[in-house]
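Residue numbers (UniProt numbering): 1 to 112.
One structure is given here, and the rest of the page talks about it.
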């Protein structure tokens with residue numbers, strides 16, 4: 001009787017093994033669910049990035065403001081008669097939010 005109980009317990013364990021450790025087992029399903037969650041998070045991040053790029057493309061094609069802003073900050077261009085002061089941080093890099101000063105007022109003095 002004891003031998004039959006041992007054999008049945010062993011068979012039960014052998015039947016359970018694929019359920020826990022097999023290709024479609026509970027552990028594998030948990031790993032795949034984690035991978036799906038990571039992929040969904042990455043998809044949300046990429047959708048936000050794509051929306052930002054789409055907005056930027058729309059701005060560049062429909063207006064000159066975005067083009068002018070890019071020319072100022074990426075290429076360092078300034079308008080005629082405009083003074084631009086660049087503020088550097090402690091590492092010597094330009095700050096992101098540097099704002100140009102308005103152009104100087106023309107001289108109102110008249111020479112005799």
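Using N, Cα and C, we set each Cβ at its ideal position, and we do this for glycine too.
Handout entry: Assigned secondary structure, residue 15 (DSSP; H/G/I helix, E/B strand, else coil)
Key = helix
Problem - Pair within 8 Å by beta-carbon distance, residue 20 and residue 27 - result: yes
Practice task
Compute the minimum distance between the beta carbon of residue 11 and the heavy atoms of the ligand MN, and state whether it is under 7 Å.
Solution key: Within the structure as shown, the ligand MN is missing, as the structure has no ligands at all.
Handout entry: Residue range of the unbroken alpha helix (DSSP H) whose run includes residue 32
Key = 26 to 62
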